[in-house]
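Student: Next up is a structure, given as structure tokens.
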Amino acid sequence: MKTINVNGERGTRSEVYALCVFLFSLFFSPSFFLAQDAPPPTLDPKVFEIAYQLRCPVCTAQSVGDSASPIAVEMRNVIQEQLGQGKSEKEILAFFQERYGDWILLNPPKRGLYLFAWLLPLVVALTGIGFLAMYLRRWTKRAKVPVEASDEDLERVREEMKWQG
Amino acid sequence: MKRLIMVVAVVAVLGGLFYFGLTRTNTGRSDIPTARLNQPAKDFELPVFARYQGDYGPTFKLSDYIGKQPLIINFWASWCVPCRTEMPMLENASRNYRNQVLFLGIQYNDTEGAGNDFLDEFNVTYPNVRDDVNGRSLVAIDYALFGLPETFFIRTDGTILHKQSGAVTEALLEQKIGELLQ
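Line order of the protein sequences matches chains A and B. Going by numbering that gives the first Met the number 0, the first residue of the first sequence is number 0, and it counts up by one from there. Going by numbering that gives the first Met the number 0, the first residue of the second sequence is number 0, and it counts up by one from there.
Structure follows, in structure tokens:
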């Protein structure tokens, strides 16, 4: 039987403090924050791997994996079920593509006009490298051209170099 | 001079893109092509609101009605403002074409009680079902719903003639029903 006395009260209070400290430290522990990004335990992480590749139909700039909208939740359940039926990632993506079209895929398919989206960054990067190479060649060519200098000028350069150590 | 023209051209292109980005509106769902257009409408079997069960039974199976007449399927919810706007038009059209076109309402992402109030408010006479089978709403995915309301115009052979994202208008209803009855 528990008796209530001064010591007992202290003990109860310290238990509350301990609980507060525990909850406080839990809040600031890295695992608390990491848990925010982790998928709910009821769904396989593979579900989210696929869901992140699908555009949420009722949201703006959110994937099915990120959205809490009812349709996104339902789509994640469908993915889970289809994985359970042994369907591959490709087959599951094709299931949604058949209904929503290519629009549903966050990574556009590598065909037709969509190739433009994939190739444009490469073309821009190659053009940039080409320009850089051209300018570098010009600069090195300029550096190779001999510069005429009088003895006086050369002396001044030597003096300057002495100053700079 | 050549360099100046190039700089002006680049600035003009970037400025144009910037202006486009600033002024464009949110993604319009109606401009997204429907993958299922001219494809057979996916079959479903959904629970019928109690008030229509006398004529249609406890569940409505789409394939039972394909081949008999064209169908107009409207997805709605009681909380959806455009759904309220279009409901009188749909009800009116369903009365005008009672024996020629079958109208079907599908309540999505809503409660049965709120749905009943909505059907009372607009005195909806055509059958309505709930996309809710054991808490799951799979028909919305089969019909690639982007939002509410959405209306599907289905030919007698079961293929989808048109999908309307957003509220219908009387003119659109007349035009599409005309096409369905051709």
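Cβ atoms here follow ideal geometry from the backbone N, Cα and C, with glycine treated the same way.
1. Tell me, please, whether the region 93-108 of chain A touches the region 146-154 of chain B by the rule of three or more beta-carbon pairs shorter than 8 Å.
2. Taking a contact to mean a Cβ-Cβ separation below 9 Å, would you say LEU179/B touches PHE152/B in this structure?
3. Determine whether the Cβ of SER62/B lies closer than 9 Å to any Cβ atom of chain A.
4. Checking the sheet assignment: what are the DSSP bridge partners for GLN163/B?
5. Across the region 91-105 of chain B and the region 69-81 of chain B, are there enough close Cβ pairs to call them in contact, namely three or more that are closer than 8 Å?
6. Using DSSP bridges, identify the partner residues of GLY14/B.
7. In chain A, what lies closer than 7 Å to SER164/B by C-beta?
8. Considering just the uninterrupted stretch of the alpha helix (DSSP H) at LYS67/B, what are its terminal residues?
9. Given a limit of 7 Å on CB to CB distance, which residues of the region 139-168 of chain B reach chain A?
10. Kindly indicate the opening and closing residues of the beta strand (DSSP E) around LEU44/B.
11. Looking only at DSSP bridge pairs, what is GLN106/B linked to?
12. For a cutoff of 9 Å on Cβ pairs, would you count ASN106/A as touching chain B?
13. For GLN163/B, count the other beta carbons within 10 Å of its own beta carbon; 16 or more makes it buried, fewer makes it exposed. Which is it?
14. Hey, could you find the ends of the beta strand (DSSP E) LYS60/B is sitting in?
15. Looking at C-beta atoms only, is the number of pairs between the region 48-61 of chain A and the region 115-130 of chain B that lie closer than 8 Å three or more?
16. Can you name, in chain order, every residue of its own chain whose Cβ lies under 7 Å from the Cβ of CYS82/B, other than the five neighbours on each side?
17. Measure from the C-beta of GLN96/A to each C-beta in chain B and report whether the shortest distance is under 9 Å.
18. Anything in chain D within Cβ reach of ILE128/A, meaning under 9 Å, just list it in chain order.
19. From LEU59/A to PHE17/B, what distance separates their C-alpha atoms?
20. In whole angstroms, what is the alpha-carbon distance linking ALA148/A and LYS140/A?
21. Mind checking ARG98/A: buried by the 16 CB within 10 Å criterion, or exposed?
22. TYR182/B: which of LEU21/B, PHE43/B, ALA49/B sits nearest, CA to CA?
23. Kindly list the residues whose CB is nearer than 6 Å to the CB of PRO88/A, restricted to its own chain and excluding five residues on each side of it in sequence; keep chain order.
24. Starting from PRO108/A, trace the alpha helix (DSSP H) both ways and give me its first and last residue.
25. Are there three or more Cβ pairs, one per stretch, closer than 8 Å when the region 0-18 of chain B is compared with the region 82-100 of chain B?
26. Buried or exposed: which applies to SER136/B, given that a residue is buried once 16 or more other Cβ atoms fall within 10 Å of its Cβ?
27. For PRO69/A, does the count of other Cβ atoms within 10 angstroms reach 16, so buried, or fall short, so exposed?
28. Helix, strand or coil: which one does DSSP assign to ALA37/A?
29. Report back the beta-carbon spacing between ASP130/B and LEU45/B to the nearest angstrom; my notes put them in contact at under 8 Å.
30. Give the residues of chain A in contact with SER77/B, contact being defined as C-beta atoms less than 9 Å apart.
31. Report the neighbours of TYR99/A on chain B: residues whose CB is nearer than 7 Å to its CB, in chain order.
32. Is the Cβ-Cβ distance between GLN38/B and ILE140/B less than 9 Å?
33. Sort out for me which residues DSSP pairs THR259/B with in a bridge.
Tutor: Quick look at the numbers:
1. no
2. yes
3. no
4. THR150/B
5. yes
6. None, per the DSSP bridge assignment.
7. By Cβ distance, chain A contributes nothing, its closest Cβ being about 11 Å from SER164/B, past 7 Å.
8. No alpha helix (DSSP H) holds LYS67/B; DSSP gives it neither H nor E.
9. ALA139, ILE140, ASP141, ALA143, LEU144, PHE145, GLY146
10. In the sequence on display, residue 44/B carries Glu and not Leu. Note, GLU44/B: beta strand (DSSP E), 44-46.
11. TRP75/B, ARG129/B
12. no
13. buried
14. 58-60
15. no
16. TRP75, ALA76, LEU147, PRO148
17. yes
18. Protein chains A and B are contained in the structure displayed, whereas chain D is not.
19. According to the sequence displayed, residue 59/A carries Thr and not Leu. Taking the straight line from one Cα to the other gives about 19 Å.
20. 19 Å
21. buried
22. One cannot answer for residue 182/B here, as it falls past the ends of chain B, which runs 0 to 181.
23. Checking the sequence shown, residue 88/A turns out to be Glu, not Pro. The answer, listed in chain order, is ILE49.
24. Careful: PRO108/A lies outside any alpha helix (DSSP H) and carries neither H nor E.
25. no
26. buried
27. exposed
28. Caution is warranted here: a pLDDT of 49 is assigned to ALA37/A, below 50, making its placement in the model unreliable, and no coordinate value can be reported.
29. 6 Å
30. Chain A residues near SER77/B: none, gap ~15 Å exceeds 9 Å.
31. ALA34, ALA143
32. no
33. What is shown of chain B runs 0 to 181, which leaves residue 259/B out entirely.
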